[in-house]
Amino acid sequence: MTTTANPWRETLNSLGSTFMTSSLIRAASKEAGMPGSALYFRGRVGILGDVSTQTAYDVQAIFPRRVVDTIWERSADVTAEKAVGLYLDACHRWGRDNIVENGASTRAAALLETVLDEAALAPMLLAQGWQRASRPDDVPARLAQAAMAVREIRGGLYFAALALVGLPVPSAMLVDSGAGAERMTSLGWSEEEI
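Going by the working numbering, the letters in the sequence shown line up with residues 36 to 229, in that order.
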């Protein structure tokens, strides 16, 4: 069997996620009184409103439940609205600091926004929330936000496909050549959980 590499997968994944682990996210988390990584969780999920830990886990199931529980407990004082604002601010600032405004970035932002505008996302709540989020005017921030939101579509499709065949997310990650036990450990899974 011949497989064809997808040249866009890594580019989109990197473009859509680099700000999520940036110093901007950690600094904004700490300034809001949360642990350094909490904004990654609270900001992403905040687009759904003030939700339960169960809902947060359901849309971020690549992380162990205990990690989501701990983050939710340690960041409970931050409202969803505030978390989303901080998250988008970090996304937009990252875009402005790292993306050059030119014809290519303008075209990329427009293409990704077309994907967002046309995608039917009813079963993918996190992606749907980001699909409906207001968008900035400048190209670097638009591209950063659009890439992040399209990455959420990819994640939502992944979760939906796994649910369709009845495969738990951790089991799928374990056999995924792009994840595996090493990646799971970096996301907080213990050896006993893997």
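Built from N, CA and C at the ideal position, the CB exists for glycine as well.
Given the structure is predicted, the values throughout are model-derived calculations rather than measurements.
Next item on the list: For the segment 48-98, list the alpha helix (DSSP H) runs that are entirely contained and at least 4 residues long, ordered along the chain.
Entry: 58-66, 73-81 and 88-94
Note to self: Can you look up Pro-203 in the DSSP assignment and give me helix, strand or coil?
What the structure shows: coil
Next item on the list: Would you check if the distance between the CB atom of Ile-82 and the CB atom of Leu-161 is smaller than 8 Å?
Entry: yes
Note to self: Counting C-beta neighbours from all protein chains within 10 Å, is the total for Gly-215 16 or more, i.e. buried, or is it exposed?
What the structure shows: exposed
Check: Which ranges does the alpha helix (DSSP H) cover as unbroken runs of at least 4 residues, wholly within the segment 124-212, from first to last along the chain?
Finding: 138-153, 160-166, 174-200 and 204-210
Check: Quick one: Cα of Ala-196 to Cα of Thr-56, how far?
Finding: 26 Å
Note to self: Residues in the same chain with beta-carbon distance under 7 Å from Ala-181, minus the five sequence neighbours each way, listed in chain order, please.
What the structure shows: Ala-144, Leu-147, Glu-148 and Leu-151
Margin query: In whole angstroms, give me the CA-to-CA distance for Gly-51 and Arg-167.
Written below: 17 Å
Next item on the list: Please name the residue in Met-183, Phe-194, Glu-227 and Asp-132 whose C-alpha comes closest to that of Glu-45.
Entry: Met-183
Check: Would the beta-carbon of Ser-72 fall within 8 Å of that of Ser-64?
Finding: yes
Checklist line | Given Ser-140 as reference, the closest of Asp-211, Arg-218 and Ala-179 once Cα atoms are compared | finding: Ala-179
Next item on the list: Determine the direct distance from the alpha carbon of Ser-212 to that of Val-200, and round the result to whole angstroms.
Entry: 19 Å
Check: Taking Cβ to Cβ, would you say Leu-209 is nearer than 8 Å to Phe-98?
Finding: no
Note to self: For Trp-43, count the other beta carbons within 10 Å of its own beta carbon; 16 or more makes it buried, fewer makes it exposed. Which is it?
What the structure shows: exposed
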